[in-house]
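Following my numbering, the numbering of the sequence shown begins with -4 at its first residue and continues without gaps. Note that CB positions come from ideal geometry on N, CA and C, so glycine has one too.
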Amino acid sequence: MKSKKKLIAGNWKMNGSLAVNDALLKGLVAGLAEAACDVAVAVPAPYLAQVQAAVFGSVIAVAAQDVSQHDAGAYTGEVSAAMLKDFGVRYTLAGHSERRQYHGETDAVVAEKAQRALAAGITPIVCVGETLQERESGQTEAVVKRQLAAVIHLNGHCISEVVVAYEPVWAIGTGRTASPEQAQAVHAVLRAQLAAASEHADRIRLLYGGSMNAANAAQLLAQPDIDGGLVGGASLKAADFLQIIGAAR
Ligand code: PGA
-4 MKSKKKLIAG NWKMNGSLAV NDALLKGLVA GLAEAACDVA VAVPAPYLAQ VQAAVFGSVI
56 AVAAQDVSQH DAGAYTGEVS AAMLKDFGVR YTLAGHSERR QYHGETDAVV AEKAQRALAA
116 GITPIVCVGE TLQERESGQT EAVVKRQLAA VIHLNGHCIS EVVVAYEPVW AIGTGRTASP
176 EQAQAVHAVL RAQLAAASEH ADRIRLLYGG SMNAANAAQL LAQPDIDGGL VGGASLKAAD
236 FLQIIGAAR
C-alpha cells in the first residue's frame, strides 16, 4: 500500500550565507551518493541560484520557503512561482506556521499559493498545525482539518499532487517534539480526510515537522502515516540532516 518514497525536506528558514551554504551543501552532496528517500532543501530566495548549482547532478532537490499568491506585476518584494521555476525549484513550502503567524497568511491565501505553485509545475508542501493553546483546548483536529480543507479542492488539480506537512506549532524550534503516537494520531486524521476527497489518498505524502532530529527521526518515520519530515534546525548541520535522511526508508 505504501509504495511511495519518503521525503525529507530541510527548511533553512532565514539562515545561511554564501560561505555557510557552500560548506553545508558540500557536506550533503558528499554524504548522499544515493538516498532511499527523496531529499530537498528549502532555502532563502537569494540563494536559489547558488543552491541550484551546488546540488546539480545530486539527489537533492531545490525547494523554496514561500511563493507569491500572485502571478506577476506590482507586488513589491514578492517572488512568483514562475521565478522559482526558473531556478529549478521542485517544491515550495506554503503556509508555514511562521508565515501564517507573522505575515497573516490565511487559509485562503495558502490555497492560492498552492494553486500558483501547481500551475507552475512546482509541488507545494502545505503546512498545517495547531498552537499549544488550540491543543490544550481540544481543537487540534478541527484546526488541522480546516487548514487542510482549504487546499483539498484546487482548480484543475488533484490533492494527490500536493505534499502535506503536519507541524504542531508548539513543537517548532522548541525541542519539544510531538511523540510518535501524538503525531501519528493527527496524521491518521489527515489521511482519513484525504481519503474522503481522493481515491489517491495513500499516495499523498504526509510529513511530520517540529523538532525532528537525528535522535527521534527513526521512531517518527516508523509510524504508518508519517511519510517523511520537514526539518528546521537539524537541517542546518550536514551530519544531523544526513542521519535523518538515513532513517527514512
Ligand atoms: P524545527 O522546524 O525542526 O526547527 O522545529 C521545523 C519547521 O519549522 O519546519
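Subject >> Ranges of the beta strand (DSSP E) found wholly within the stretch 74 to 145, counting only runs of at least 3 >> reply: You should have 84 to 89, 118 to 123.
Original post:
Any heavy atom of the ligand NAD closer than 7 Å to the CB of S206?
Top reply: By its list of ligands, the structure shown excludes the ligand NAD, since it contains just the ligand PGA.
Original post:
Is the closest heavy atom of the ligand PGA to the C-beta of V158 under 7 Å?
Top reply: Position 163 of the sequence shown, counted from the start, is the residue given in the question as residue 158. In this structure, V158 has its CB at a distance of at least 7 Å from all heavy atoms of the ligand PGA.
Original post:
Is there at least one non-hydrogen atom of the ligand PGA closer than 7 Å to the beta-carbon of L225?
Top reply: The count along the sequence shown starts at 1 and reaches residue 225 at position 230. Yes, the ligand PGA has a heavy atom inside 7 Å of this Cβ.
Original post:
On the three-state DSSP scale, how would you describe H182?
Top reply: Translated into the one-based positions of the sequence shown, residue 182 becomes position 187. In the structure shown, H182 sits in a helix (DSSP, three-state: H, G or I).
Original post:
Exposed or buried, what is D33 when buried is set at 16 or more other beta-carbons lying within 10 Å of its beta-carbon?
Top reply: For this step, residue 33 is matched to residue 38 along the sequence shown. The residue in question, D33, is buried, as its Cβ has 16 or more Cβ neighbours within 10 Å.
Original post:
Over what stretch of residues does the beta strand (DSSP E) that includes G228 continue unbroken?
Top reply: Here residue 228 refers to the residue found at position 233 when the sequence shown is read from its first residue. From DSSP, G228 is part of no beta strand (DSSP E); its letter is neither H nor E.
**OP:** Indicate whether A242 and I120 have their beta-carbon atoms separated by less than 8 Å.
**Re:** Walking along the sequence shown from the start, residue 242 turns up at place 247. Walking along the sequence shown from the start, residue 120 turns up at place 125. Not in contact: A242 and I120 (Cβ atoms no closer than 8 Å).
**OP:** Going by DSSP, name the residue or residues bridged to L13.
**Re:** Translated into the one-based positions of the sequence shown, residue 13 becomes position 18. Answer by DSSP bridge pairing: none, since L13 is not bridged.
**OP:** Return the chain-ordered list of same chain residues with a C-beta closer than 6 Å to the C-beta of W7, the five sequence neighbours on each side being excluded.
**Re:** For the purposes of this step, residue 7 is taken as residue 12 along the sequence shown, with counting starting at 1. Same-chain partners within the cutoff: V38.
**OP:** May I ask you to check if the CB of N6 is nearer than 7 Å to at least one heavy atom of the ligand PGA?
**Re:** In the sequence shown, counting from the first residue as 1, residue 6 sits at position 11. Checking the Cβ of N6 against the ligand PGA gives yes.
Subject >> Beta-carbon spacing of P175, Q218 below 8 Å >> reply: Against the sequence shown, residue 175 aligns to sequence position 180. Against the sequence shown, residue 218 aligns to sequence position 223. Q218 is positioned such that its CB atom lies closer than 8 Å to that of P175.
Subject >> L215 in three-state terms, based on DSSP >> reply: Reading the sequence shown from its first residue, position 220 is the one you call residue 215. Note: L215 maps to helix in three-state DSSP.
Original post:
Quick one: is A166 buried, meaning 16 or more other Cβ sit within 10 Å of its Cβ, or exposed?
Top reply: On the sequence shown, residue 166 is found 171 positions in, with the first residue counted as 1. By the 16-neighbour rule on beta-carbons within 10 angstroms, A166 is buried.
**OP:** Under 8 Å Cβ to Cβ from R198, same chain only, skipping five residues before and after it: list those, please.
**Re:** In the sequence shown, residue 198 corresponds to position 203, counting from 1. K(-1), S155.
Subject >> Where Y161 falls: helix, strand or coil (DSSP) >> reply: For the purposes of this step, residue 161 is identified with residue 166 of the sequence shown, where counting begins at 1. Y161 carries a strand assignment under DSSP once its states are collapsed to helix, strand and coil.
Original post:
In angstroms, rounded to a whole number, what distance separates the CA positions of V189 and V158?
Top reply: Within the sequence shown, the letter at position 194 stands for residue 189. Within the sequence shown, the letter at position 163 stands for residue 158. Reading off the sequence shown, one finds Leu at residue 189, where the question assumed Val. The C-alpha of V158 is placed about 11 Å away from the C-alpha of L189.
**OP:** Return yes when the C-beta of G90 is under 7 Å from any heavy atom of the ligand PGA, and no when it is not.
**Re:** To locate residue 90, count along the sequence shown from 1; it is residue 95. Result no, Cβ not under 7 Å from the ligand PGA.
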